[in-house]
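As given, the protein sequences belong to chains A and B, one line each in that order. Heads up: the first sequence is residues 17 to 271, going by the working numbering. Heads up: the second sequence is residues 431 to 736, going by the working numbering. We put the beta carbon where it would ideally sit given N, CA and C, even for glycine.
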Amino acid sequence: MRGVFATILQNRAVAEDILKMVLRGKDGAGLAGARPGQFLMVRCSDTSDPLLRRPMSLYDVSGDTFSIVYRVVGAGTRLMAKMPEGGEVHVIAPLGNGFNLPPQSGRVALVGRGVGAAPLVFLAKTAIAQGKRVFGFISATSRESLVGVEDLSKMGVELQTGVDTDGSSTELLDLIRERHSAEPFDYVATCGSRRMLRLVQDLRTATGVPGEVLLETRMACGIGVCKGCVVMTADGTYKKVCTDGPVFPVELIAG
Amino acid sequence: MASGPDLSIELLGQRLQNPVIEAAGTFGEEYSELIDFRKLGALVPKTISLEPHCGSPPPRLVETPAGLLNFVGGDNPGVKKFIEEHLPRWRRYGIPIIVGLRGHRGPDEYVRIASCFKRGMGVMALELNFKFMSDCSSISDTVSRCTQATDLPIIAKLRPAGVIMTEMALAAESGGAAAISLVNTIPAMVIDVERQVPELPLGAGLSGPAIRPIALKMVWDVYEAVKVPVIGMGGVADWRSALEYILAGASAVAVGTAMFSNPYAAIETIDGIRDYMVRHGVMRVTDLVGLAHRNLRAQSALKGGA
């Protein structure tokens with residue numbers, strides 16, 4: 017990991033309250049070697065308030081640029097939304113572990129909701145580059161906030177979307193079950209919804225398909241020091257989302 | 431100024447190259463990828479207890495205005511693992527180490543942990559973290575017993591909690607503390623108004639710039655009250671805040687919460703102190719310790735108030 021001053025190439029709304037920020041490291045090094053699932057700690061203020069950086073999953077890494085997609089939910093993200101294109105922001109990156117696409121997997125399913133779908137877009141790009149067949153199942157509270165669907169389509173992901181206001185995603189979840197029954201996936205990655213996590217856990221229990229979940233949680237340091245970001249795992253221990261994660265095997269996490 | 435300002439201090443018989451320490455609970459080897467540890471005055475690893483502790487259930491953190499409320503709950507590997515695995519790694523940097531310890535179960539535990547350390551192990555002092563102990567006689571008694579359990583100097587780290595800080599500091603000093611460090615996090619709260627309950631457990635503590643003026647006044651008062659050196663902390667984020675503490679009487683300062691958002695805070699603080707000394711023509715940083723007290727007295731004398 018390193019601290020990087022980055023130029024903001026783009027910082028634009030992609031939906032209501034959702035923006036995409038594209039960055040280029042000023043030292044020219046970009047984030048080569050960053051893996052899908054990893055994240056940045058973004059410094060959103062030059063003052064002590066808000067105090068903490070904000071964790072943001074990588075949406076894409078491309079040459080010397082990298083991007084994030086974020087929702088404005090509070091003081092930190094409000095400041096991020098106002099950062100001007102051409103301006104500068106400091107990030108610590110890349111952090112955390114990444115998704116582990118099994119080398120033999122031929123059929124990969126990505127299951128995400130809202131802004132949680134963002135890291136799956138980077139994962140999709142990697143999977144497609146490895147010649148895998150990638151299926152995307154993305155839901156949101158509105159058509160407009162289906163994050164990443166254009167990029168996913170363009171890269172050749174076979175996409176299904178669902179819109180619901182209560183988080184149920186019932187039709188989409190049923191569809192995933194059907195598709196997996198008809199022709200099983202070899203690996204499933206999920207982010208952004210407890211219900212989706214539970215589905216992926218069920219599929220694993222029933223059919224053994226490996227699955228991983230990317231967790232999001234409050235963080236202070238983002239690098240493993242403060243121990244503020246722990247999650248209880250099924251083996252009875254606390255694990256740090258920032259360094260032991262943010263990606264975990266689905267069976268380790270309570271649904 | 432041919433040789434440049436002298437930032438070194440002598441603390442508890444140990445020379446530190448500068449008065450900037452990083453605070454317990456906020457520092458770890460992970461930062462070595464971002465900053466050069468060998469520039470720091472001293473290192474303080476995570477406070478240890480006798481047995482390993484897994485810490486508190488999440489959530490453990492809440493951001494507050496210019497602050498951080500935490501109840502990490504003493505997540506640490508325990509003294510045995512610390513000595514066997516962690517201490518050797520910390521020693522590699524060649525920077526003086528202060529080990530912070532806390533007895534979750536009471537004074538006996540402090541003594542048992544303290545007895546695991548002695549001179550020659552690469553540790554310059556032990557810092558007793560009195561996070562949940564605030565009555566003066568327990569503090570004095572625990573410090574005294576720890577001074578007998580080890581030949582290392584004992585620092586008493588105090589937390590504002592009901593009892594007047596200067597009384598606790600005097601009690602620690604009378605028990606044999608070789609230095610007083612303050613403040614530990616301040617008892618505080620955030621309430622989730624949608625769920626209508628506190629966000630963190632009742633023992634949660636606040637750190638960061640929000641507490642600085644409060645902690646600073648406490649350092650001021652303790653400096654007046656005790657004879658032993660004072661180590662100041664609480665929202666130290668840059669050279670200016672570090673100098674506030676030094677001028678108020680701190681022989682050394684600790685940078686803590688600031689590192690989370692600015693990993694370079696301690697290094698920038700050291701450089702900033704040096705630049706300040708050049709600007710003000712100050713030869714030795716020790717000349718600044720408690721200077722604000724002397725200036726204030728001089729001011730009152732001029733007004734005929736002395």
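Distance from valine 683 of chain B to alanine 645 of chain B at the Cβ level is roughly 11 Å; contact not present, criterion being Cβ atoms closer than 8 Å. Proximity of the region 714–728 of chain B to the region 661–680 of chain B meets the contact definition, three or more beta-carbon pairs being nearer than 8 Å. The shortest CA-to-CA distance from serine 433 of chain B to any of B:Pro518, B:Pro487, B:Asp717, B:Met707 is the one to B:Met707.
Judged by their CB atoms, methionine 99 of chain A and tyrosine 86 of chain A are not nearer to each other than the 8 Å cut-off.
With a threshold of 16 other beta carbon atoms within 10 Å, valine 89 of chain A falls short and is exposed.
Within the region 175–209 of chain A, not one residue has a Cβ closer than 8 Å to any Cβ of chain B. Annotation: Cβ neighbours of leucine 68 of chain A in chain B (cutoff 8 Å, chain order): Glu493, Leu498, Phe690, Ser691.
Secondary structure at isoleucine 439 of chain B: strand, using DSSP grouped into helix, strand and coil. By the beta-carbon neighbour count (other beta carbons within 10 angstroms, threshold 16), histidine 106 of chain A is buried. In the DSSP annotation of this structure, valine 620 of chain B is not part of any beta strand (DSSP E), being labelled neither H nor E. Interface with chain A (8 Å Cβ-Cβ cutoff): proline 639 of chain B is included. Between cysteine 484 of chain B and chain A, the shortest Cβ-Cβ separation is below 8 Å.
Distance from the CA atom of arginine 211 of chain A to the CA atom of aspartate 190 of chain A, rounded to whole angstroms, is 12 Å. The continuous beta strand (DSSP E) containing proline 265 of chain A extends over residues 263–265.
Among the residues of chain A, those whose CB is under 9 Å from the CB of phenylalanine 457 of chain B are Val241, following chain order. Where tyrosine 461 of chain B is concerned, there is no enclosing alpha helix (DSSP H), because DSSP gives it neither an H nor an E. Leucine 437 of chain B sits buried, since 16 or more C-beta atoms from the chains shown fall within 10 Å of its C-beta. Using a Cβ distance threshold of 8 Å, valine 541 of chain B and cysteine 576 of chain B count as a contacting pair.
With a contact defined as Cβ atoms closer than 8 Å, valine 216 of chain A and glycine 208 of chain A miss out at about 12 Å. Chain A has no Cβ within less than 8 Å of the Cβ of glutamate 698 of chain B. Those residues of the region 24–55 of chain A placed with their C-beta closer than 7 Å to a C-beta in chain B do not exist. Serine 681 of chain B is a Cβ neighbour of isoleucine 661 of chain B, given a cutoff of 8 Å. Relative to proline 537 of chain B, the option among B:Ala688, B:Pro518, B:Ser567 whose CA is nearest is B:Ser567.
Approximately 7 Å separates the beta-carbon atoms of serine 479 of chain B and glycine 533 of chain B; this is inside 8 Å, confirming the contact.
For the C-beta of leucine 464 of chain B, the chain A residues within less than 9 Å are, from N- to C-terminus, Met17, Arg18, Gly19, Ile108, Ile239.
For secondary structure counted as the beta strand (DSSP E) over 3 or more consecutive residues, the region 194–271 of chain A holds these complete runs in sequence order: 203–207, 227–230, 246–248, 254–256, 263–265. Counting along the chain, the unbroken beta strand (DSSP E) around histidine 106 of chain A starts and ends at 104–111. Within the same chain, Pro66 come within 6 Å of alanine 91 of chain A by CB-CB distance, once the 5 residues on both sides are set aside. Close CB contacts of alanine 472 of chain B within its chain, under the 6 Å cut and outside five residues either way in sequence, are with Leu446, Ile451, Pro526, Ile528 (chain order). For the set A:Asp182, A:Gly46, A:Leu126, A:Cys242, the Cα lying nearest the Cα of glutamate 460 of chain B is the one of A:Cys242.
By the rule that beta-carbons nearer than 8 Å mark a contact, valine 509 of chain B does not touch chain A.
In this structure, the beta-carbon distance from leucine 588 of chain B to alanine 236 of chain A does not fall below 8 Å. Around the beta carbon of histidine 196 of chain A, 16 or more other beta carbons lie within 10 angstroms, which makes this residue buried. If you keep only unbroken beta strand (DSSP E) runs of at least 3 residues inside the region 579–611 of chain B, you get 584–588. Distance from the Cα of aspartate 182 of chain A is smallest, within the candidate group A:Gln176, A:Ser155, A:Gln26, A:Thr253, for A:Ser155.
Counting the other CB atoms within 10 Å of its CB gives valine 623 of chain B a total below 16, which places it among the exposed residues.
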